[in-house]
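Student: Residue numbers (the numbering used here): 15 to 159.
Ideal Cβ positions, reconstructed from N, Cα and C, are used throughout, including at glycine.
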């Protein structure tokens, strides 16, 4: 039996195919979804993967995870740096919540060095491209053990 995990992706991640590949890699979004689904299955998870450019939709999904006690892997994208509303919704999630990033925010522009989400996450993984999600699944498995 696999454990459900909610994988949330924030703004512009659905457009990976036209973003700067030197930062975000060469996968398009459907390929990223397949990559995550395959890794999730390998590690005993059933991944429910969602993407939105809408802050309120992401908040609703975090409320859903809080209400159903489902663990979360979240790539808040640009919302990482300023969405206190997403931060507050993430804080409501009592099951493990891991923040991920394709790039390493600390190696980028100074405004990306601050995450308002990381203070309420169990941990943050960034800079490993699509493998950031795999590392998050491995960490999540350990947290749930």
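Could you tell me the distance, in whole angstroms, from the CA atom of residue 139 to the CA atom of residue 18?
Tutor: Locating residue 139 in the chain shown gives position 125, counting from the first residue. Locating residue 18 in the chain shown gives position 4, counting from the first residue. Between residue 139 and residue 18, the C-alpha separation is close to 20 angstroms.
Student: Based on the DSSP output, what are the partners of residue 60 in its beta bridges?
Tutor: By 1-based counting over the chain shown, the position of residue 60 is 46. Paired residue(s): 18.
Student: Can you grab the Cα-Cα spacing for the pair residue 71 / residue 114, in whole Å?
Tutor: In the chain shown, counting from the first residue as 1, residue 71 sits at position 57. In the chain shown, counting from the first residue as 1, residue 114 sits at position 100. Cα-Cα distance, rounded: 19 angstroms.
Student: Given a cut-off of 8 angstroms on the beta-carbon distance, is the pair residue 95 and residue 128 in contact?
Tutor: Position 81 of the chain shown, counted from the start, is the residue given in the question as residue 95. Position 114 of the chain shown, counted from the start, is the residue given in the question as residue 128. Yes, the pair counts as a contact, with Cβ atoms nearer than the cut-off.
Student: Would you kindly work out how many angstroms separate the C-alpha atoms of residue 137 and residue 26, rounded to a whole number?
Tutor: Working through the chain shown from its first residue, we reach residue 137 at position 123. Working through the chain shown from its first residue, we reach residue 26 at position 12. So the two alpha carbons sit approximately 23 angstroms from each other.
Student: Given residue 60, which residues of its chain have a CB within under 8 angstroms of its CB, disregarding the five upstream and five downstream residues?
Tutor: By 1-based counting over the chain shown, the position of residue 60 is 46. Only 16, 17, 18, 19, 54 meet the Cβ criterion.
Student: Pick from 90, 85, 102, 118: whose alpha carbon is nearest that of residue 109?
Tutor: Residue numbering aside, residue 109 sits at position 95 when the chain shown is read from its first letter. Ranking the options by Cα distance to residue 109, first place goes to 85.
Student: DSSP three-state call for residue 86: helix, strand or coil?
Tutor: As a first step, residue 86 is located in the chain shown; it is residue number 72 there, counting from the start. Three-state DSSP puts residue 86 in a strand.
Student: Determine the direct distance from the alpha carbon of residue 132 to that of residue 50, and round the result to whole angstroms.
Tutor: Counting from 1 along the chain shown, the entry for residue 50 is found at position 36. Counting from 1 along the chain shown, the entry for residue 132 is found at position 118. So the two alpha carbons sit approximately 21 angstroms from each other.
Student: Give every residue of the same chain whose Cβ lies closer than 6 angstroms to the Cβ of residue 118, excluding the five residues on either side of it in the sequence, and list them in chain order.
Tutor: Stepping through the chain shown from its first residue, residue 118 is reached at position 104. Same-chain partners within the cutoff: 140, 141.
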